[in-house]
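Numbering (mature numbering (1 follows the signal peptide of the UniProt record, and there is no 0)), first residue to last: -27 to -1, 1 to 61.
Here is the structure we will look at, set down as structure tokens.
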């Protein structure tokens, strides 16, 4: 077999192996995404007080990062409290 033919076969085999590796990585990534989605969907819904604690913590973090003002956080938290606690 000529040097060019050996080079071509080697290069083609490497490309095929790379494609298989890429496909395997994509499949593993898809499986991981499905697993995370299933855990979120199947996890129990937190009670209203826990949800409000999370909302408060998220809004406090946004205020600390200067993404919103403290007044905006208070108004939004009150609005969400009405909706979340109204469901309970």
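For glycine and all other residues, C-beta sits at the position ideal for the given N, C-alpha and C.
At what residues does the alpha helix (DSSP H) containing residue 26 begin and finish? From DSSP, the alpha helix (DSSP H) with residue 26 extends over 21 to 37.
Give me, in chain order, the residues of the same chain whose beta-carbon lies closer than 7 Å to that of residue 43; leave out the 5 immediate sequence neighbours on both sides. Counting only Cβ-Cβ distances below 7 Å, and skipping sequence neighbours, we find 36.
Is the CB-CB distance between residue 25 and residue 54 below 9 Å? For residue 25 and residue 54, yes; Cβs fall inside 9 Å.
Pick helix, strand or coil for residue 42, following the three-state DSSP scheme. Residue 42 falls in the coil class under three-state DSSP.
Can you find the residues in the same chain that come closer than 6 Å, C-beta to C-beta, to residue 58, ignoring five residues on each side of it along the sequence? Short of 6 Å from the beta carbon of residue 58, and not among the five residues preceding or following it, lie these beta carbons of its own chain, in chain order: 21.
Would you report the Cα separation of residue 15 and residue 31, rounded to the nearest angstrom? When rounded, the distance between both Cα atoms is 23 Å.
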